[in-house]
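The structure appears right after this line, and notes come after that.
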Amino acid sequence: MSAPPSGGGAPPGAIEVTRLLLHAQDPDPAVRHQAEQQIAAFQEQNYAGFLGSLAYELANGEKPPESRRLAGLVLKNNLDAKDDARKSALVGRWEGVDPSLRASIRGALLQALAMEPQEVRGTAALVIAKVAAIELPRRDWAELIPGLMANMSAAPPNHGVRQATLQALGYVCEEMGAMRDDVLSPEQINMVLTAVVSGMSAEEPSSDTRLAAVTALQNAIEFADHNFGNENERNYIMQHRGGEHGAVPRDEQAGVRRGGEVRHKGRLGC
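Mapping of the sequence shown onto numbering that gives the first Met the number 0: position 128 corresponds to residue 127, and the numbering continues sequentially without gaps.
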């Protein structure tokens with residue numbers, strides 16, 4: 000394993016992991032096993048450098064898309080787990096990483112969200128949500144929501160970036176909806192909903208972007224209590240989902256309405 004090329008913005012302790020990641024997917028069991036052992040050793044011996052290397056790989060446009068995607072998936076799996084004990088341990092390890100390195104990783108994730116190809120953007124969206132699930136409840140990563148909003152309002156619009164940003168917002172909403180406490184402020188929730196509604200607009204030419212917006216809105220129902228608990232506001236959101244041109248199919252609109260109604264009836268115990 001070698002150090003990454005200088006001048007590329009690699010965080011301290013980062014090393015070259017491209018070959019390791021690709022070899023970990025090699026059809027030859029011997030090659031794959033050796034790469035997996037090296038990755039495990041790096042993770043154990045230098046956890047912070049391991050995370051930084053993965054984030055650097057993901058956000059490095061000179062690397063192969065496959066290794067970038069794999070780097071993102073490995074990074075995601077080091078931030079979350081289905082088993083509660085393991086998840087708690089992973090969160091603790093992340094919180095033990097130097098704040099400046101955590102900030103560098105967060106910056107790399109937002110950078111990757113705006114880079115080609117789309118599969119890398121989509122992977123970055125997944126990782127962003129996992130980091131957000133740890134950081135936002137601690138009132139860290141204050142620049143996340145404004146950064147995502149900037150992607151949505153950029154001119155001229157980049158439809159691939161808008162799609163990935165809406166995916167990230169949807170994943171973040173899903174993570175926030177699973178939490179007991181309110182994490183996002185009412186102002187942040189309104190910003191998210193405004194961005195989502197803009198993605199559902201009939202003026203949005205990309206069907207993939209509109210679909211990502213619908214999914215994000217469905218996830219937002221889980222925590223946007225004020226907006227979806229108020230019938231007038233809920234109707235306003237849905238009326239502006241696509242203008243007169245029906246950018247969002249009627250069955251999806253109805254699903255969002257029903258989801259909001261069921262959610263709030265459930266909260267009241269009805």
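The beta carbon of each residue, even a glycine, is placed where N, CA and C say it ideally should be. Computed from a predicted model, the values in this text were never measured in an experiment.
Contact check, residue i vs residue j, beta carbons under 9 Å
{"i": "Gly71", "j": "Leu53", "result": "yes"}
{"i": "Leu20", "j": "Lys75", "result": "no"}
{"i": "Lys86", "j": "Asp97", "result": "no"}
{"i": "Gly48", "j": "Gly12", "result": "yes"}
{"i": "Ala132", "j": "Glu174", "result": "yes"}
Between the CA atoms of residue j and residue i - distance to the nearest angstrom
{"i": "Ala123", "j": "Ala215", "result": "16 Å"}
{"i": "Glu35", "j": "Gln166", "result": "30 Å"}
{"i": "Ser205", "j": "Gln24", "result": "33 Å"}
{"i": "Leu108", "j": "Ser197", "result": "23 Å"}
{"i": "Ser66", "j": "Val171", "result": "24 Å"}
{"i": "Asn77", "j": "Val90", "result": "9 Å"}
{"i": "Arg138", "j": "Ala29", "result": "45 Å"}
{"i": "Glu56", "j": "Ile127", "result": "15 Å"}
{"i": "Val16", "j": "Ala201", "result": "43 Å"}
{"i": "Arg18", "j": "Ile38", "result": "11 Å"}
{"i": "Ala40", "j": "Asn189", "result": "44 Å"}
Assigned secondary structure, residue i (DSSP; H/G/I helix, E/B strand, else coil)
{"i": "Val182", "result": "coil"}
{"i": "Gln24", "result": "coil"}
{"i": "Val73", "result": "helix"}
{"i": "Trp93", "result": "helix"}
{"i": "Asp83", "result": "helix"}
{"i": "Gly241", "result": "Low confidence applies here, because Gly241 scores a pLDDT of 46, under 50, leaving its location unreliable and the question unanswered by this model."}
{"i": "Val16", "result": "coil"}
{"i": "Pro64", "result": "helix"}
{"i": "Glu115", "result": "coil"}
{"i": "Ala163", "result": "helix"}
{"i": "Asn189", "result": "helix"}
Where the alpha helix (DSSP H) through residue i begins and ends
{"i": "Asn218", "result": "206-219"}
{"i": "Asn150", "result": "143-152"}
{"i": "Glu202", "result": "Run containing Glu202: none; DSSP gives neither H nor E here."}
{"i": "Pro98", "result": "98-112"}
- [ ] Determine, using beta-carbon pairs with one atom in the region 197-213 and one in the region 177-187, whether at least three such pairs fall under 8 Å.
- [x] No, the region 197-213 is not in contact with the region 177-187.
TODO: Count the C-beta pairs between the region 107-115 and the region 160-174 that are closer than 8 Å, then say yes if the count reaches three, no if not.
DONE: Result yes; three or more Cβ-Cβ pairs closer than 8 Å.
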